[in-house]
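>
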Amino acid sequence: MIFQKRSKEIVSSPFKSTSLPFITLNSFPNEILLLILQNLDIITLLSVCNVSKRFHQVSVVALESRFAEPNLRLHLGFEQEQKWRFNVDFKFSHVNTQTGNLVFRPIKQQTSLRLFHSPLLRNPSISKISLSCRQISSSKSLKPKSSSNSLRNLPSTNAHHNNHHVLKLDTNFLQKSCKFAIKSCGEQEQQRDVYRIGHGSKHLQVSYSFKYTVETAPPTIRKLRGGERWITPISFECPASFFYPHEPTAHKVIMSLLSYRKTATAVTSSNNLRRKQNRNTEKSIFTFMSKNKKKDQAKMNDDMYPRDLKWAREFVL
1 MIFQKRSKEI VSSPFKSTSL PFITLNSFPN EILLLILQNL DIITLLSVCN VSKRFHQVSV
61 VALESRFAEP NLRLHLGFEQ EQKWRFNVDF KFSHVNTQTG NLVFRPIKQQ TSLRLFHSPL
121 LRNPSISKIS LSCRQISSSK SLKPKSSSNS LRNLPSTNAH HNNHHVLKLD TNFLQKSCKF
181 AIKSCGEQEQ QRDVYRIGHG SKHLQVSYSF KYTVETAPPT IRKLRGGERW ITPISFECPA
241 SFFYPHEPTA HKVIMSLLSY RKTATAVTSS NNLRRKQNRN TEKSIFTFMS KNKKKDQAKM
301 NDDMYPRDLK WAREFVL
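Residues in the sequence shown are numbered consecutively from 1, following UniProt numbering.
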């Protein structure tokens, strides 16, 4: 019996399971988390930004270096009356230190768009904003060195025959076209909002801005028609949350109803409090007036019946 007990102890002791602590990315400090996120691509970084506010703050730092890659392009599509269409490529320039937004500028400086202002024509608009990044594939048969110019000149229709492929984050980041005015000449800025889902399932209203200059047609160039304007894009500015997934219409309606309900509840409570304060004020005014009325009545009695005729006043009362 003793031998059997000892044998059971010897056999069972090496197989005892040791519980290891469960570690998540959220348990790492920001410095280590930043080193991990710097190895991710843009698509994964945007997904990580969408997890929580802390991940958003750390991932934006890593996104700055990713957006600064020379192969990344921000495509803006312009159109007017579905007849005049233009595409302008932007590249990442810097981060606005005041707002923390990403600033993109046109790759080709002094790119002018020929548009027209007329009461019979609609204002031009930005109809599409997309983001793409050309990356070199890891095939052994490819050349180890390739300049950015050669990548730019190669067609991107077939990724199997070329030494690069295009990563597209979304077909269009705009939920509706952004119209901008071209009547007045000079530098102008157009600001609009888009709706996204971020930081879990929160309702985000994200603002972006587009700066441009409006000029009349140069005198050396023949005008096509009256009201001709030459538009020169300057910059496009947006936060990193602009590239988050679109908010579905159903989610937007539900969040709007919830916000309206909160607002209605707050207004109702404030109205009830105001009514209560008004009732208290009316009560205090009535009490004050009743006291003054009694004092005035007593004073009137004193004036009508002097003190030496006190017996007459008591007789009358």
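Every residue, glycine too, gets a C-beta built ideally from N, C-alpha and C.
This structure is a prediction, so every number in the text was calculated from the model and none was measured.
Going by DSSP, what residue range makes up the alpha helix (DSSP H) through Phe67?
Per DSSP, Phe67 belongs to the alpha helix (DSSP H) from Lys53 to Phe67.
> Look at the Cβ atom of Phe92, then the Cβ atom of Leu76, and state whether they are nearer than 8 Å.
For Phe92 and Leu76, no; Cβs fall outside 8 Å.
> Which first and last residues belong to the alpha helix (DSSP H) in which Leu45 is found?
Here the alpha helix (DSSP H) through Leu45 covers Ile42 to Cys49.
> CB-CB under 6 Å to Ser59, same chain, minus the five flanking residues each way: which ones, in chain order?
Counting only Cβ-Cβ distances below 6 Å, and skipping sequence neighbours, we find Leu37, Leu45, Val48 and Cys49.
> Provide the residue(s) that pair with Arg73 in DSSP beta bridges, ordered along the chain.
The partner list for Arg73 (beta bridge, DSSP) reads Ser132.
> What residue from Glu189, Pro218, Leu40 and Thr171 has the CA that sits closest to Arg179's CA?
Before going on, a small fix: residue 179 reads as Lys here, not Arg. Closest option to Lys179, Cα to Cα, is Glu189.
> Quick check on Cys185: buried or exposed, where buried means 16 or more other Cβ atoms within 10 Å of its Cβ?
Counting Cβ neighbours within 10 Å, Cys185 comes out exposed, since fewer than 16 surround it.
> Looking only at its chain, what residues have a beta carbon closer than 6 Å to the beta carbon of residue 321, apart from the 5 residues adjacent to it on each side?
Since the first residue of the chain shown is 1 and the last is 317, residue 321 is not available in this structure.
> Just to confirm my understanding: we take Phe55, look at its own chain, exclude 5 residues before and 5 after, and list those with CB closer than 7 Å. What are they?
So the list reads Val48 and Cys49, once near-sequence residues are dropped.
> Please work out which residues of its chain come closer than 7 Å, Cβ to Cβ, to Lys183, disregarding the five sequence neighbours upstream and downstream, and give them in chain order.
Excluding positions up to five away in sequence, the list reads His117.
> Is the segment 274 to 288 touching the segment 235 to 242, taking contact as three or more C-beta pairs under 8 Å?
Touching, no.
> Cβ of Phe243 within 8 Å of Cβ of Tyr208?
Not closer than 8 Å, so no.
> According to DSSP, what are the bridge partners of Cys178?
DSSP lists Ile126 as partners of Cys178.
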